[in-house]
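Reviewing the structure listed below.
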Amino acid sequence: MIPIYTTDGVQTAGAGPVEQAWPVWCENTEIGNGLDELAKSAAQRGAHAIIALRISTYFNSYVTRTKHVLLGTAVILGAPSD
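Taking numbering that gives the first Met the number 0, the leading residue of the sequence shown gets 0, the next gets one more, and so forth.
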């Protein structure tokens, strides 16, 4: 799995600059399953990490279930600069 950060950057020493970025999101009843879903979809497109994770929760009265919307930015990192 790829790392997921709530910060706006990759918090790993020696991480290279962001070369590509795109939004990733999902809706799930379980936050953990949603995180797995985000990581899987981002990794399938070659992402090294997800940054700026945000989670929003709402109650769907039609099916009487709480849902979580997870939104982040998948990033591909370049080589670290010396």
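Ideal placement from N, C-alpha and C gives every residue a C-beta, glycine not left out.
Model, not experiment: these values are computed from the prediction.
Tell me whether residue i sits in a helix, a strand or coil according to DSSP, three-state version.
i	result
A12	coil
G77	coil
A20	strand
S40	helix
G45	coil
Using a Cβ-Cβ cut-off of 7 Å (strictly less than) and excluding sequence neighbours within five positions of residue i, which residues of its own chain qualify?
i	result
N59	K66
A46	I1, A73, V74, I75
R64	T28
Using a Cβ-Cβ distance cut-off of 7 Å, determine whether residue i contacts chain D.
i	result
H67	Checking the listed chains, one finds no chain D in this structure; it contains a single protein chain.
Assuming residue i and residue j make a contact with CB atoms under 8 Å, what is their CB distance in whole Å?
i	j	result
I1	I49	7 Å
L70	R44	Their Cβ separation, rounded to whole angstroms, is 16 Å, which puts L70 and R44 out of contact at 8 Å.
A14	P79	7 Å
Can you find a heavy atom of the ligand MN that lies under 6 Å from the Cβ of residue i?
i	result
V17	Here there are no bound small molecules, and the ligand MN is not part of this structure.
Just to confirm my understanding: we take residue i, look at its own chain, exclude 5 residues before and 5 after, and list those with CB closer than 6 Å. What are they?
i	result
Q19	I75
I30	H67
Considering only residues of the same chain and omitting the five flanking positions on each side of residue i, which have a CB-CB separation below 8 Å?
i	result
G77	G15, P16, V17, E18
Y4	Q10, A48, I49, I50, A51, L52
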